[in-house]
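Asks: One structure, as C-alpha cells, below. Some questions next.
Residue numbers (my numbering): 13 to 543.
Structure (C-alpha cells):
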C-alpha cells in the first residue's frame, strides 16, 4: 500500500510504499482443524505407501513401455495391456525433470489422493453440517479399493480428482446466475483431461452431464413464464453452454486419441514388415486408413472387462452390485448396499419435494451415477473392471452422508441427547481404522513382484557382468531397482534369478554351466545363483 508521510523539517510530502503481507486466515472451527490434521496425516501415509509398497505389473509395464520413453512416445503409442495415456504423459514429464522413479511413477497419484480429501471436504461443507463433512472424508478414505488405488501409478486417483472438480464446478454453475466463461473453459479442460487420462471416465462424464441437464431443463421449464424467451432464461442458457462444453471436450479428446491410434497402427505396420525404410510419419501419410484400422484393433482388444455372473438380468445385476460393494467394504457389502438403497430413497424424495433447492443438482448427480451401472447392464454383459469405478467411492461416501444427515434431522425431532449426533461419526472413524489399518496396510499389489523385490534386495545384481532373468516381470523389477538391463543368455550367466518351479521342472532348458553356480539365496518363489 502507498502511505503519504510529511517531513516536518522541509515541509515535504513523501509517498512511501509500505508492503503489508496478505493475512492467512486460520479457521477456528474444530471440524476444519480436524480435517486439516486428517489431510496432513493421510498425506504422510500416502508418501510412506508410495515408497514402501512394491509396484504392480501394470505400473512397471507403463513405466518402461511409456513413461521412460518420453512424452511424445507416450502420446503416440498404445499397449494391448492397457494405457492411461494422460497419466503416463504427465509422469513422463516428471521423468524428464529427473525425479526419482517412485516419485515419477506415483507422485501425481500421491498429490491427487490428498487433494481428493480436500475437495471432498469442501464439497461436503456446501451441503452438510454437524461434522458430516468430516465423516464424509473419513468414510471415503476407509474404502478398501480407494486405499489400495490411492497411490498406484495409474490414472485412477487423478480421475477421481477430475471427477470432484467437475462436481464442484457443476454446483457453482447451477447455484449462481452470474458466472464467467472461464468456468466453462475449466469444464472443457476437465472433460478433455478425464477422457485422456483414462477412457473409461466416460462412465462418469455422461451420467453427470445428463443429471445436470435434467436439473437445468426442469428448472428452465418452471421459470419460463418469468424469464420469457429462452435466451433470457438462465437455466436454459447454462444447459446450452454445458452441452457445448461436452461436445468440445469429446471432440478434442477424439483428436488426441486419433493421433495415438494412428501412431500405434503405424508402429504395428512397421513391425509387421512391408514398410521397410519408412518412418511412422511416412506410413501414416501413405496409408492412414490402414494405420487407423490397426490402431483401432489394438485399442479395442486391450480393455480389461469383467463379466458379472448369471444369465438373467436380475441375477447379473445382484452379483455385480454385491461384488462391487465388496471391493469397497469387504465383509460389509450388504450393509453398504442397504445404506445406498436408503440414500436413493432419501435423495429421490428430496428431489421431488425440494427440486428448486441448490442441493438438488448434487442429488441428481449421485443418483445418475448410481443408476448408470444398472442401466449399462441392461444392454451389455461385460463392464469395465472395478478399478475404473474408483470415483464411486465419492458417490457412496456422499450417499452415506445424506443418510447420516437425515438421521440427525430425524433424531432432533425426538430431542435425543446431543451425544447421539456423534454416533455416525464414531462409526465412520471406527470403519476408517478397520479399512486403512487392516489387511491392506502392508499388503503388496502383487505377491510375486514382492518376492522378486526381496530376492533382489538380498543379492544385488549390479555387481555382476552377466545377470540373467527368465521372464519379463523379473526384467522390469531388476531394471527398475538397479538400472540393470539383464541378459537372456544363460550360457554366459554369472548371476541367475529363476523361479523355483522352473528350476525344478526337468523340461525347462537349463544349461550345464548353471549347475556350477552357487545357490546364494532362495525364498518361497525364487532362487538366485551366482558365480
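Note that CB positions come from ideal geometry on N, CA and C, so glycine has one too. Computed from a predicted model, the values in this text were never measured in an experiment.
In the structure shown, what three-state DSSP assignment does residue 372 receive?
Replies: Within the chain shown, the letter at position 360 stands for residue 372. Here residue 372 sits in helix by DSSP.
Asks: Thinking residue 306 and residue 281 are a contact (beta carbons under 8 Å), I'd like their distance in whole angstroms, please.
Replies: Here residue 306 refers to the residue found at position 294 of the chain shown. Here residue 281 refers to the residue found at position 269 of the chain shown. 6 Å between Cβ atoms; contact.
Asks: DSSP three-state call for residue 402: helix, strand or coil?
Replies: By one-based count along the chain shown, residue 402 stands at place 390. Correct three-state label for residue 402: coil.
Asks: Would you kindly check if the distance between the Cβ of residue 519 and the Cβ of residue 494 is under 7 Å?
Replies: Residue mapping note: residue 494 aligns to position 482 of the chain shown, counting from 1. Residue mapping note: residue 519 aligns to position 507 of the chain shown, counting from 1. No. Outside cutoff.
Asks: What's the gap between the Cα of residue 406 and the Cα of residue 152?
Replies: Residue 406 sits at position 394 when you count from the first residue of the chain shown. Residue 152 sits at position 140 when you count from the first residue of the chain shown. Those two C-alpha atoms are separated by around 6 Å.
Asks: Is any non-hydrogen atom of the ligand ADP found closer than 6 Å to the C-beta of residue 140, if you look at the structure I gave you?
Replies: In the structure shown, the ligand ADP is absent, as is every other ligand, since no ligand is present at all.
Asks: Quick check on this structure: which residue in 123, 201, 202 has the alpha carbon closest to the alpha carbon of residue 163?
Replies: To locate residue 163, count along the chain shown from 1; it is residue 151. Closest option to residue 163, Cα to Cα, is 123.
Asks: Count the other C-beta atoms from every protein chain shown that fall within 10 angstroms of the C-beta of residue 366, then say buried if there are 16 or more, exposed otherwise.
Replies: In the chain shown, counting from the first residue as 1, residue 366 sits at position 354. Result: exposed.
Asks: Output the boundary residues of the beta strand (DSSP E) element that contains residue 112.
Replies: Translated into the one-based positions of the chain shown, residue 112 becomes position 100. Neither: residue 112 is in no beta strand (DSSP E) and is coded neither H nor E.
Asks: Does residue 521 come out as helix, strand or coil in the three-state DSSP assignment?
Replies: Reading the chain shown from its first residue, position 509 is the one you call residue 521. The answer is coil: DSSP assigns residue 521 none of H, G, I, E or B.
Asks: Return helix, strand or coil for residue 40, following the three-state DSSP convention.
Replies: Taking the chain shown and counting its residues from 1, one reaches residue 40 at position 28. The answer is coil: DSSP assigns residue 40 none of H, G, I, E or B.
Asks: For residue 294, is the classification buried or exposed, using 16 other Cβ atoms within 10 angstroms of its Cβ as the cut-off for buried?
Replies: Residue mapping note: residue 294 aligns to position 282 of the chain shown, counting from 1. The residue in question, residue 294, is exposed, as its Cβ has fewer than 16 Cβ neighbours within 10 Å.
Asks: Reducing DSSP to helix, strand and coil, say where residue 14 ends up.
Replies: Here residue 14 refers to the residue found at position 2 of the chain shown. Interpretation of residue 14 is limited by its pLDDT of 49, a score under 50 that renders its predicted location unreliable; no figure is taken from the coordinates.
Asks: Go to residue 511, then tell me how far its beta strand (DSSP E) extends in each direction, as first and last residue.
Replies: Along the chain shown, one-based indexing puts residue 511 at 499. Start and end: 507–511.
Asks: If you follow the beta strand (DSSP E) that residue 331 is part of, which residue opens it and which one closes it?
Replies: For the purposes of this step, residue 331 is identified with residue 319 of the chain shown, where counting begins at 1. Per DSSP, residue 331 belongs to no beta strand (DSSP E); it is in the alpha helix (DSSP H), 325–340.
Asks: Nearest to residue 249 by alpha carbon, out of 292, 200, 193, 214?
Replies: Stepping through the chain shown from its first residue, residue 249 is reached at position 237. Nearest C-alpha to residue 249: 193.
Asks: Which whole-angstrom value describes the C-beta separation of residue 214 and residue 174, a residue pair presumed to lie in contact below a C-beta threshold of 8 Å?
Replies: Within the chain shown, the letter at position 202 stands for residue 214. Within the chain shown, the letter at position 162 stands for residue 174. Their Cβ separation, rounded to whole angstroms, is 12 Å, which puts residue 214 and residue 174 out of contact at 8 Å.
Asks: Helix, strand or coil, according to DSSP, for residue 423 in the structure here?
Replies: Here residue 423 refers to the residue found at position 411 when the chain shown is read from its first residue. Of the three classes helix, strand and coil, the one that applies to residue 423 here is helix, per DSSP.
Asks: Can you tell me which of the three DSSP states residue 51 falls into?
Replies: Position 39 of the chain shown, counted from the start, is the residue given in the question as residue 51. Helix at residue 51.
Asks: Is it buried or exposed for residue 546, if we count other Cβ within 10 angstroms and need 16 for buried?
Replies: The shown model of the chain, from 13 to 543, leaves out residue 546, and the question about it has no answer.
Asks: Can you grab the Cα-Cα spacing for the pair residue 469 / residue 380, in whole Å?
Replies: The count along the chain shown starts at 1 and reaches residue 469 at position 457. The count along the chain shown starts at 1 and reaches residue 380 at position 368. Spanning the two alpha carbons is a distance of roughly 49 Å.
Asks: Measuring CB to CB, does residue 455 end up less than 7 Å from residue 478?
Replies: For the purposes of this step, residue 455 is taken as residue 443 along the chain shown, with counting starting at 1. For the purposes of this step, residue 478 is taken as residue 466 along the chain shown, with counting starting at 1. For residue 455 and residue 478, no; Cβs fall outside 7 Å.
Asks: Hey, out of 102, 107, 127, 440, whose CA is closest to residue 208's CA?
Replies: As a first step, residue 208 is located in the chain shown; it is residue number 196 there, counting from the start. It is 102.
Asks: Below 7 Å CB to CB, which residues in the same chain sit around residue 125 once its five sequence neighbours on both sides are set aside?
Replies: As a working mapping, residue 125 is identified with position 113 in the chain shown. Only 58, 162, 163, 169 meet the Cβ criterion.
Asks: In this structure, does DSSP put residue 65 in helix, strand or coil?
Replies: Translated into the one-based positions of the chain shown, residue 65 becomes position 53. Coil at residue 65, not helix or strand.
Asks: Distance, Cα to Cα, residue 413 vs residue 359?
Replies: Locating residue 413 in the chain shown gives position 401, where the first residue counts as 1. Locating residue 359 in the chain shown gives position 347, where the first residue counts as 1. Roughly 11 Å between the two C-alpha positions.
Asks: From which residue to which residue does the beta strand (DSSP E) around residue 531 run?
Replies: The count along the chain shown starts at 1 and reaches residue 531 at position 519. Taken as a continuous stretch (DSSP letters only), the beta strand (DSSP E) holding residue 531 covers 530–534.
Asks: How is the alpha helix (DSSP H) around residue 219 delimited, first residue to last?
Replies: As a working note, residue 219 is residue 207 in the chain shown. Element bounds for residue 219: 214–234.
Asks: On the DSSP bridge assignment, give the partners of residue 539 in chain order.
Replies: Stepping through the chain shown from its first residue, residue 539 is reached at position 527. Per DSSP, 510, 534.
Asks: Give the DSSP-derived three-state secondary structure of residue 396 in the structure shown.
Replies: Along the chain shown, read from residue 1 onward, the residue named residue 396 stands at position 384. Correct three-state label for residue 396: strand.
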